[in-house]
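Basically our numbering = 1-based index in the sequence shown + 39.
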Amino acid sequence: MPSVSKSTLTTLGNQTTSTPNNSISPSGTPDASTGIYITTGASSGSGKFQVLIVPVGQGLLLVEAFPLNDVYATLSSLRNLEILVSGGVLLVLGIGGYYLVVLGLRPLEKVKHATREIAAGNLEKRVQIDSTKTEIGQLSLDFNEMIDRIEGEFKLRAATEARLRRFVSDASHELRTPLSFLRGHAELFRQGAVTTPEELAISMKRIEEQAKRMGRLVDELLLLARFDEGSPIVLAPIDLRLIAHDAAADARAMAPERNVKVSAVEEVLVMAEETGLRQVVGNMVRNALVHTPPGTPIELEVTKTEGTGIVKVIDFGPGIAPDTAQSIFDRFYRADPSRSRDSGGSGLGLAIVATIIQAYGGTFGVLPTVDSDNEPSNLSGATFWVSLPLKTN
Numbered sequence: 040m041p042s043v044s045k046s047t048l049t050t051l052g053n054q055t056t057s058t059p060n061n062s063i064s065p066s067g068t069p070d071a072s073t074g075i076y077i078t079t080g081a082s083s084g085s086g087k088f089q090v091l092i093v094p095v096g097q098g099l100l101l102v103e104a105f106p107l108n109d110v111y112a113t114l115s116s117l118r119n120l121e122i123l124v125s126g127g128v129l130l131v132l133g134i135g136g137y138y139l140v141v142l143g144l145r146p147l148e149k150v151k152h153a154t155r156e157i158a159a160g161n162l163e164k165r166v167q168i169d170s171t172k173t174e175i176g177q178l179s180l181d182f183n184e185m186i187d188r189i190e191g192e193f194k195l196r197a198a199t200e201a202r203l204r205r206f207v208s209d210a211s212h213e214l215r216t217p218l219s220f221l222r223g224h225a226e227l228f229r230q231g232a233v234t235t236p237e238e239l240a241i242s243m244k245r246i247e248e249q250a251k252r253m254g255r256l257v258d259e260l261l262l263l264a265r266f267d268e269g270s271p272i273v274l275a276p277i278d279l280r281l282i283a284h285d286a287a288a289d290a291r292a293m294a295p296e297r298n299v300k301v302s303a304v305e306e307v308l309v310m311a312e313e314t315g316l317r318q319v320v321g322n323m324v325r326n327a328l329v330h331t332p333p334g335t336p337i338e339l340e341v342t343k344t345e346g347t348g349i350v351k352v353i354d355f356g357p358g359i360a361p362d363t364a365q366s367i368f369d370r371f372y373r374a375d376p377s378r379s380r381d382s383g384g385s386g387l388g389l390a391i392v393a394t395i396i397q398a399y400g401g402t403f404g405v406l407p408t409v410d411s412d413n414e415p416s417n418l419s420g421a422t423f424w425v426s427l428p429l430k431t432n
């Protein structure tokens with residue numbers, strides 16, 4: 040406790056005396072624990088005192104007063120310092136928190152701006168990611184992946200619509216030609232231009248040919264539509280050797296002058312539909328018959344590797360240009376349009392091959408024909424192949 044001036048007040052009976060500086064010495068040592076403390080103000084001036092009143096015997100009271108001015112001044116200084124420090128801390132925390140929030144929300148501002156651009160139609164816009172270690176960085180990464188998927192779906196839809204428009208346009212064009220023939224011959228007959236039995240027979244033959252062509256085209260379009268719709272497919276084990284031998288026999292019947300042979304040394308059971316697989320191999324053989332010179336040989340080769348069975352149709356015609364190899368399986372594609380139409384082709388044969396094989400879970404392609412030494416053949420030509428999963432035990 041700081042040094043204080045004190046005075047002692049003693050009472051005796053009805054008399055009270057004040058003795059400064061402890062000039063009265065009571066008997067014994069006063070017991071402070073028996074006294075009481077009070078806080079009171081000064082009778083004159085300002086300030087407060089803490090007063091201790093202790094009985095000392097013989098009817099006397101020991102009264103000591105301690106001024107509290109210094110104590111209150113110290114407490115006031117501490118209070119002011121605490122207010123100042125607390126205010127400063129709160130200010131620093133407020134400013135720091137503000138900048139932390141601003142910095143933390145800045146990536147969300149990037150997300151907001153990107154969202155606005157995407158909503159305006161710019162699907163190539165992405166959120167710039169500064170770090171993937173934060174939650175906002177992960178959110179931005181997930182956002183970009185979502186937009187990637189959405190953009191992919193839009194592109195796929197646009198491509199599908201473009202293919203559909205092209206498909207309808209090509210189908211209309213293909214149907215227009217035989218319809219024009221039918222309309223022309225009907226007009227000739229109506230005008231009386233066909234008068235003799237020979238002319239009538241020729242006209243009827245042409246009408247029949249074009250009607251068959253339209254029938255084949257419609258059947259092929261319906262087949263493609265069935266696979267495009269994802270209709271249920273029931274796969275069963277089919278021996279590729281039998282399919283290849285039957286296709287070769289059909290080719291010999293259509294072109295007796297051709298040397299069509301089959302190379303297949305063992306049973307190759309693949310999972311497919313028999314009708315669809317026969318159409319696949321038949322289309323590849325007919326493609327070879329149409330696009331190779333008369334008299335050139337055609338070979339069918341059936342093999343198997345680990346897990347797949349493969350059938351190849353090898354021809355020795357003019358071959359396939361490298362820049363058309365990727366397009367030759369497209370619908371209505373023709374390497375030589377006039378020649379294909381003259382032969383009655385619809386431009387859908389290889390497209391049907393691709394569609395059916397994909398539905399069966401297989402693969403397909405075309406390569407230059409090679410000889411027994413695995414070198415390009417001197418006779419040129421193309422080798423069309425398809426592979427299908429083997430039957431599993």
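Just so you know, even glycine gets a beta-carbon here, dropped at the ideal spot from N, CA and C. These numbers were taken from a predicted model, which means no experiment stands behind them.
For the ligand GDP, is there a heavy atom less than 7 Å away from the beta-carbon of residue i?
i	result
residue 246	As far as ligands go, the structure on display features none, and thus does not contain the ligand GDP.
Do residue i and residue j have their C-beta atoms closer together than 8 Å?
i	j	result
residue 310	residue 276	yes
residue 262	residue 348	no
residue 421	residue 337	no
residue 224	residue 252	no
residue 319	residue 343	no
residue 283	residue 328	no
residue 368	residue 419	no
residue 287	residue 299	yes
residue 346	residue 217	no
residue 423	residue 293	no
residue 402	residue 426	yes
residue 162	residue 206	no
residue 312	residue 274	yes
residue 242	residue 228	yes
residue 101	residue 95	yes
residue 166	residue 149	yes
residue 70	residue 90	no
residue 389	residue 326	yes
residue 392	residue 364	no
residue 350	residue 341	yes
residue 285	residue 317	yes
residue 289	residue 269	no
In the DSSP assignment, what residue or residues form a beta bridge with residue i?
i	result
residue 421	407
residue 148	None, per the DSSP bridge assignment.
residue 275	311
residue 103	91
residue 363	Bridge partners of residue 363: none, in fact.
residue 402	426
residue 350	341 and 425
Please list, in chain order, all residues of the same chain as residue i whose beta carbon is under 7 Å from its beta carbon, the five residues on each side excluded.
i	result
residue 168	176, 179 and 180
residue 333	296
residue 266	394, 395 and 398
residue 400	428
Taking only three categories from DSSP, how would you classify residue i?
i	result
residue 137	helix
residue 72	helix
residue 358	coil
residue 96	strand
residue 163	coil
residue 431	coil
residue 78	strand
residue 426	strand
residue 168	coil
residue 233	coil
residue 388	helix
residue 267	helix
residue 111	helix
residue 83	coil
residue 369	coil
residue 173	coil
Give every residue of the same chain whose Cβ lies closer than 8 Å to the Cβ of residue i, excluding the five residues on either side of it in the sequence, and list them in chain order.
i	result
residue 80	86, 87 and 88
residue 157	164 and 186
residue 387	256, 259, 260, 263, 370 and 371
residue 430	276, 308, 309 and 310
residue 209	370, 371 and 386
residue 331	337, 354, 355, 356, 357 and 420
residue 120	none
Taking 6 Å as the limit between beta carbons, can you name the residues of its chain near residue i, skipping five residues before and five after?
i	result
residue 240	none
Ranges of the alpha helix (DSSP H) found wholly within the region 288-348, counting only runs of at least 4: 313-329
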